[in-house]
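Numbering (the UniProt record's numbering), first residue to last: 1 to 392.
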Amino acid sequence: MLTTKQKRMIIAYYYYNKIKKETKNKRLYWVHPIIQEKNEFGGFITLYRVMRQHEEKFVDYFRMKMSTFDKLLTTIENNIRHENTKMRESIPPYIRLAVTLRYMATGDAFARLHFDFRIGIKTIANIVREVTHHIWSELSTVYMRMPTQEEWLNIAQRYEINANFPHCLGALDGKHIRIIKPEESGSMFLNYKHFFSIVLMAIVDSNYNYIFIDVGSYGKECDSNVFKETQFWKKLVDNTLNIPSPCSIINTNYILPYVFVADEAFALHANVLRPYGGNELTKEQKIFNYRLTRARRYVECAFGIMANKWRILHRSLNLSLDLTVAIVKTTCVLQNFIHTEEGHVEPLINRDRLNSRLHLEGNNLTADEIRQKYTEYFSSDEGSLPWQDKYT
Numbered sequence: 001m002l003t004t005k006q007k008r009m010i011i012a013y014y015y016y017n018k019i020k021k022e023t024k025n026k027r028l029y030w031v032h033p034i035i036q037e038k039n040e041f042g043g044f045i046t047l048y049r050v051m052r053q054h055e056e057k058f059v060d061y062f063r064m065k066m067s068t069f070d071k072l073l074t075t076i077e078n079n080i081r082h083e084n085t086k087m088r089e090s091i092p093p094y095i096r097l098a099v100t101l102r103y104m105a106t107g108d109a110f111a112r113l114h115f116d117f118r119i120g121i122k123t124i125a126n127i128v129r130e131v132t133h134h135i136w137s138e139l140s141t142v143y144m145r146m147p148t149q150e151e152w153l154n155i156a157q158r159y160e161i162n163a164n165f166p167h168c169l170g171a172l173d174g175k176h177i178r179i180i181k182p183e184e185s186g187s188m189f190l191n192y193k194h195f196f197s198i199v200l201m202a203i204v205d206s207n208y209n210y211i212f213i214d215v216g217s218y219g220k221e222c223d224s225n226v227f228k229e230t231q232f233w234k235k236l237v238d239n240t241l242n243i244p245s246p247c248s249i250i251n252t253n254y255i256l257p258y259v260f261v262a263d264e265a266f267a268l269h270a271n272v273l274r275p276y277g278g279n280e281l282t283k284e285q286k287i288f289n290y291r292l293t294r295a296r297r298y299v300e301c302a303f304g305i306m307a308n309k310w311r312i313l314h315r316s317l318n319l320s321l322d323l324t325v326a327i328v329k330t331t332c333v334l335q336n337f338i339h340t341e342e343g344h345v346e347p348l349i350n351r352d353r354l355n356s357r358l359h360l361e362g363n364n365l366t367a368d369e370i371r372q373k374y375t376e377y378f379s380s381d382e383g384s385l386p387w388q389d390k391y392t
């Protein structure tokens, strides 16, 4: 039995802990003065007004021109606008967009942005989640939709001009996005380079635009397996991608299918070419590997352009997986959006050429035979380049 003194001590200890907990959780301010006074004294408000008068500084800060920023804001503004309440004013859409772009551009921690923008840390996290969601949902249907047959031909024509690789529809590769190991994930995200990651699988055109992306696979998976789990692969196998039929290369008798180029990590397929492996290669095979590498470099360059613009990709992301995926998808679709708004290229497709070549049929070649046909073409008088022997 407890004595009266012991009972009193237990009761006193209970109320002591209760009062301590209530005091700890009690908010001193509904809105902290640092945040409440941002409209009068906030550094960003003043900086934004000044940057609107200096295009080059605006681009340095937001990684895009003012006109591009304004169009992006107009596109998502209604989706990210919040109503004022009796307790506080809502954060304007342009600041919500600015916070998100600055976070991706610098990779700064939310705590750092808290002082730059005078916005609460949790609020910043919610803003980034909301804005990236709407950027992707609004832009992806316009700037990263599946190409039509005519658009595929336009992509192929540009590859032929830019990379001297005919009938190429895109360069395929995977990129590991660094993350902090998620709790209870074991080694699922540990890749062969010995850091934790998710995989960005992408196909890129010769203007460094993303044709297709898939984000979020475990870092431990190899590129070939990741690709074969994507919707793009399933449509490729089902022949539902609107890919043009095999046809002759201009001014030659070579009838070849349209293909994607990849490295040795991917399996050879009738529409996916990879380099020859091994050390005992013929001169023609070495030339093929060189020509394929020239075409494949566009996907590596696209990854580099994206990472240099959005510095968030230079550090390990310590976020929930769904937010990490949203940020990566947003950086990809913004690359297409910015390229379109700031460096639009007119279509090269010749509609007469489309109509005259579209229905030519190729014979049913195996993947190895298709690669061999390309190998022969690159060493022929019609398909060789004057300097290619120097690189083999």
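Beta carbons are placed, not taken as given, at the ideal position from N, Cα and C, and that holds for glycine.
Through-space distance from Pro386 to Ile135, alpha-carbon basis: Numbered from 1 along the sequence shown, position 135 holds the residue referred to as residue 135. Numbered from 1 along the sequence shown, position 386 holds the residue referred to as residue 386. Distance between the alpha carbons of Ile135 and Pro386 is about 45 Å.
Through-space distance from Phe288 to Ile250, alpha-carbon basis: Taking the first residue of the sequence shown as position 1, residue 250 is located at position 250. Taking the first residue of the sequence shown as position 1, residue 288 is located at position 288. One C-alpha to the other measures close to 19 Å.
Would a C-beta distance cut-off of 7 Å place Ile177 and Ala270 closer than the cut-off? Numbered from 1 along the sequence shown, position 177 holds the residue referred to as residue 177. Numbered from 1 along the sequence shown, position 270 holds the residue referred to as residue 270. Cβ atoms of Ile177 and Ala270: not closer than 7 Å.
Cβ of Lys65 within 7 Å of Cβ of Glu342? Here residue 65 corresponds to residue number 65 of the sequence shown, with the count starting at 1. Here residue 342 corresponds to residue number 342 of the sequence shown, with the count starting at 1. Yes, these two residues count as a Cβ contact at 7 Å.
Determine, using beta carbons only, whether Ser245 comes closer than 7 Å to chain B. In the structure shown, chain B does not exist; there is a single protein chain.
Based on Cα-Cα distance, which residue from His194, Tyr210, Lys193, Phe195 lies nearest to Met201? For the purposes of this step, residue 201 is taken as the residue at position 201 of the sequence shown. Cα-wise, what sits closest to Met201 is Tyr210.
Using a Cβ-Cβ cutoff of less than 6 Å, which residues in the same chain neighbour Ile127 once the five nearest sequence positions on both sides are dropped? Position 127 of the sequence shown holds residue 127. The residues are Arg96, Val99.
Looking only at C-alpha atoms, which of Phe69, Tyr61, Ile119 sits nearest to Glu89? As a working mapping, residue 89 is identified with position 89 in the sequence shown. Comparing Cα-Cα distances from Glu89 to each of Phe69, Tyr61, Ile119, the minimum goes to Ile119.
Determine the burial state of Thr132: buried for a count of at least 16 other Cβ atoms within 10 Å of its Cβ, exposed for fewer. The sequence position of residue 132 within the sequence shown is 132, counting from 1. Result: buried.
Is the CB-CB distance between Arg296 and Val261 below 7 Å? The sequence position of residue 296 within the sequence shown is 296, counting from 1. The sequence position of residue 261 within the sequence shown is 261, counting from 1. Yes, the pair counts as a contact, with Cβ atoms nearer than the cut-off.
Under a Cβ-count criterion, where at least 16 other Cβ atoms within 10 Å of its own Cβ denotes burial, should Met9 be classed as buried or exposed? Taking the first residue of the sequence shown as 1, we reach residue 9 at position 9. Classification for Met9: exposed.
Cutting at 8 Å between CB atoms, please list the residues of its own chain near Gln388, excluding the five before and the five after it. Counted from its first residue, the sequence shown places residue 388 at position 388. Ile287, Tyr290, Arg291, Phe378, listed in sequence order.
Coil, strand or helix - Gly278 by DSSP: Position 278 of the sequence shown, counting from 1, holds the residue named residue 278. Of the three classes helix, strand and coil, the one that applies to Gly278 here is coil, per DSSP.
Taking Glu376 as the reference, give the member of Asn253, Ala267, Thr331, Asn336 with the closest Cα. On the sequence shown, residue 376 is found 376 positions in, with the first residue counted as 1. For Glu376, the nearest C-alpha among the options comes from Asn253.
Using a threshold of 7 Å, state whether the C-beta atoms of Ile76 and Glu138 are closer than that. Here residue 76 corresponds to residue number 76 of the sequence shown, with the count starting at 1. Here residue 138 corresponds to residue number 138 of the sequence shown, with the count starting at 1. In this structure, Glu138 lies closer than 7 Å to Ile76 by Cβ.
7 Å Cβ shell around Asn225 - same chain, five flanking residues per side excluded: Start at 1 with the first residue of the sequence shown, and residue 225 comes out as number 225. Excluding positions up to five away in sequence, the list is empty.
Looking at C-beta atoms only, is the number of pairs between the segment 301 to 314 and the segment 103 to 112 that lie closer than 8 Å three or more? yes
Pick helix, strand or coil for Asp205, following the three-state DSSP scheme. On the sequence shown, position 205 is the one that residue 205 refers to. Correct three-state label for Asp205: coil.
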